[in-house]
Amino acid sequence: MDKILNLPILYRVFAVLHFLMGLLMLFGGKTLSDMNGWEHSIGIVTMAEHHGSSLICVSLLFWMLPSWLSKDMLKKSTLTAIIVQVLLLIMPIYHAFIGAIPNDSSLYFMVAILIVLIILFYMASNKNEVE
-6 MDKILNLPIL YRVFAVLHFL MGLLMLFGGK TLSDMNGWEH SIGIVTMAEH HGSSLICVSL
54 LFWMLPSWLS KDMLKKSTLT AIIVQVLLLI MPIYHAFIGA IPNDSSLYFM VAILIVLIIL
114 FYMASNKNEV E
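The sequence shown begins at -6 in my numbering and counts up by one.
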């Protein structure tokens, strides 16, 4: 469990997760439209590309933070990182609630994974020692 509750590793897990989601948004606009039953348009492509590039930027920051910050500073920055993750978690829940995206097993799976990772992030930041 100590290997899982390692802040640098958890930062990088979030980085990889958001990088992959960013790539999907950047290059999968038509697929996203088809999966969600949307009429494909330049607006959807534009917003998906914008969101994808933002996720990749977030992933780069999450990947580099463990290298840039001391162990104590990394621990102190984790509350802000958790807030970022919670905001990124709330949006798909909101979109499913209003019917903009399907409320299906893929949504539940993504939400469950993010919640588990956020909890692990919180637990790791409250450990006495950061590896």
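Even glycine gets a Cβ: it sits at the ideal position worked out from N, Cα and C. For clarity, every value in this text was computed on a predicted model and none was experimentally measured.
(Q) Quick check on histidine 150: buried or exposed, where buried means 16 or more other Cβ atoms within 10 Å of its Cβ? (A) Absent from the model: residue 150. The displayed extent of the chain is -6 to 124, so no value can be given.
Q: Please name the residue in Val77, Lys69 and Val38 whose C-alpha comes closest to that of valine 51.
A: Stepping through the sequence shown from its first residue, residue 51 is reached at position 58. If we check each option's Cα against that of valine 51, Val77 comes out closest.
Q.
Tell me the rounded alpha-carbon separation between valine 123 and leucine 113.
A. Position 130 of the sequence shown, counted from the start, is the residue given in the question as residue 123. Position 120 of the sequence shown, counted from the start, is the residue given in the question as residue 113. Residue placement at valine 123 is flagged as unreliable, the pLDDT there being 47, under the threshold of 50; the coordinate-derived value follows with that caveat. Here the C-alpha atom of valine 123 lies approximately 13 Å from the C-alpha atom of leucine 113.
Q) Taking the alpha helix (DSSP H) that glycine 45 falls in, what are its first and last residues? A) Counting from one through the sequence shown, the residue named residue 45 turns up at place 52. Glycine 45: member of the alpha helix (DSSP H) spanning 35 to 61, first to last residue.
Q) What three-state label does DSSP hand aspartate 65 in the structure shown? A) Numbered from 1 along the sequence shown, position 72 holds the residue referred to as residue 65. Three-state DSSP puts aspartate 65 in a helix.
Q. Just to confirm, are leucine 82 and valine 109 a CB contact at a threshold of 8 Å?
A. On the sequence shown, position 89 is the one that residue 82 refers to. On the sequence shown, position 116 is the one that residue 109 refers to. For the 8 Å CB-CB criterion, leucine 82 and valine 109 do not form a contact.
Q) Does the region -1 to 10 touch the region 58 to 75, meaning 3 or more C-beta pairs lie closer than 8 Å? A) At 8 Å Cβ cutoff, the stretches touch.
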